[in-house]
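Take a look at the structure set out below.
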Amino acid sequence: MATRMTTEPLQAVDTARAVSGVDRHPKGLYVLFFTEMWERFSFYTVGGMWALYVQNSEQGFGWPQDRATSVWSWYLAFVYASPLIGGLIADRKLGYRKSVMLGGFFFMAGHALLAVPKIEWVMLLALACLVIGNGFFKPNVSAMVGNLYPEGSHLKDRAYNIFYMGINIGAFLAPVVAEFMVQNFGFHPAFFMGALGMVISVAVLWFYKRHVLEADRPGLKAPSSTAATAVDAPPKGVSHQNPIDLIPDSRRILALIVIFIIVIVFWMVFHQNQTTWTYWANDNTDWEVSGIISNAINPAWVILLTFPLVWFWQWLDRKGREPSTPTKMAIGMCFTGLAYFVMYFAGKAGGDVGRVSPWWLVSAYGVITLGELMLSPMGLSLVSKVAPIRLRGLMMGGWFLATAIGNKLTGVGVLWDDMPHSTFFAMLGALSLFMAVVLALLLRPLKKAMPGV
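Per this note's numbering, the very first residue in the sequence shown carries number 28; after that it's consecutive.
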């Protein structure tokens, strides 16, 4: 994922390399790359087709769109809240690798249960298994990536870029395979492909566990303030004081709360991709495939745009003109709003009920992906930089809570059938642009509360 790339003094770079002790990525990174890639394949297999499945009267349950949208919004909320509990259990009891393995087994169970036809309570139990699986798997596999590298390693940012590429390869493959399976074999065999993906994911982690044992830190207790300060201190030989350390905790927390509000709106709008945008792709896009395939467009754009965007930030940084993180997030909200206005014009072009060229959808996804890359990857980095050390865990929890709330609010998609589609798109586009303006107006006080970020 795109990250802020800054040019460090040569002395700091050399010192960081000395701290890292390595100049190449450990094999464990590639183990975790494929572990996460296949997990995301399984996860997005469900995300790409569930809403269409439950509405299908022959293979599914014949649900109306508003019920499918409402249930899916609750599912997303629990999915994004579950890492709070799964991460805590891993920290205190199980350790990271065992937690990831346990999450993988819950994922297998969830996908296998979704392959059971026409029993509604089994389907809901499957979603519960997926929520639990995500809680154990998602935060802890990401933590293991960071644990492969010593503090101060110059390779860590690039490691997460590589890891994020695996996420999007899996997310791209999932709807492509799901589309093929649904068209040729039906929904239930397609869901079972997610279970097979998780078998591969867990098998990779099991057979190559020797490469990630050093990344497993079971039973660690939260560091004391003194220890945390030592970790956050610059490497020996590099003398500087972080300017944000001079800012009172209350101002830093208030600034993060503003960011959390923006994040709520972003996820509410962005994750329409698995409901209303999928409905549009299925019913209003002129192609010979179902809406399932549309869920491959966003990860394809991420893969295409990530490295050019990183290069662009580096180019601006060399000129001393790289925007601050809050500024990037404001620009990201603008792109998010503009993507919805692309869809607004698509709706108008089709008279809201007709079919239009798929290039409308592809173009809108390209624009909203730029917004995603300026918002989502910046968030956790921003929290880690701005939150007071003694409250960092709490504020990270706040980020996940805001994400969960935003995903619950995707339930606004129940209005999809109550108004013209172009009006629905314009409403969410206007809300996104309004939040971009609010954030832009607050940039000056935010920059004062977040110096150096």
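Idealized CB from N, CA, C, for every residue including glycine.
For residue i: DSSP bridge partner residues
i  : result
V7 : Only positions 28 to 480 of the chain appear in this structure, which leaves residue 7 out of reach.
Simplified DSSP state of residue i, which is helix, strand or coil
i    : result
K346 : coil
L182 : coil
L152 : helix
P261 : Confidence in P261 is poor, its pLDDT being 36 and thus under 50, which makes the residue's placement too unreliable to answer from.
G89  : coil
A108 : helix
I438 : The question names Ile, but residue 438 in the sequence shown is Gly. In this structure, G438 counts as helix in the three-state DSSP scheme.
S252 : Only weak support exists for where S252 lies, its pLDDT of 33 falling under 50; the value from the coordinates is given anyway. Note: S252 maps to helix in three-state DSSP.
M52  : Checking the sequence, you will find His at residue 52 rather than Met. Coil at H52, not helix or strand.
V480 : coil
V143 : coil
P166 : helix
G364 : helix
I274 : coil
Y176 : coil
M171 : helix
G137 : helix
V464 : helix
G398 : helix
G359 : helix
P472 : helix
G114 : helix
Residue i classed as buried or exposed, judged by whether at least 16 other C-beta atoms fall within 10 angstroms
i    : result
P270 : exposed
N211 : exposed
M446 : exposed
F293 : buried
P404 : buried
K346 : exposed
K435 : buried
I284 : exposed
V209 : buried
P110 : buried
A277 : Here the sequence assigns Ser to residue 277, which means Ala is not the residue at that position. Under this definition S277 is an exposed residue.
E241 : exposed
Residue i CB to nearest heavy atom of the ligand COA below 8 Å
i    : result
M370 : In the structure shown, the ligand COA is absent, as is every other ligand, since no ligand is present at all.
Contact with chain C by residue i, beta-carbon distance below 9 Å
i    : result
L397 : Among the chains in the structure shown there is no chain C, since it carries only a single protein chain.
Three or more C-beta pairs below 8 Å linking the segment 185-204 and the segment 102-109: no
Minimum length 4: unbroken alpha helix (DSSP H) runs contained in the segment 190-243: 214-234
The segment 281-301 in contact with the segment 449-469 per 3-pair CB rule at 8 Å: yes
Segment contact, 8 Å Cβ cut-off, at least three pairs: the segment 117-134 with the segment 447-458: no
Three CB pairs or more closer than 8 Å across the segment 91-102 and the segment 232-245: no
Given 8 Å, three or more beta-carbon pairs between the segment 373-385 and the segment 302-316: yes
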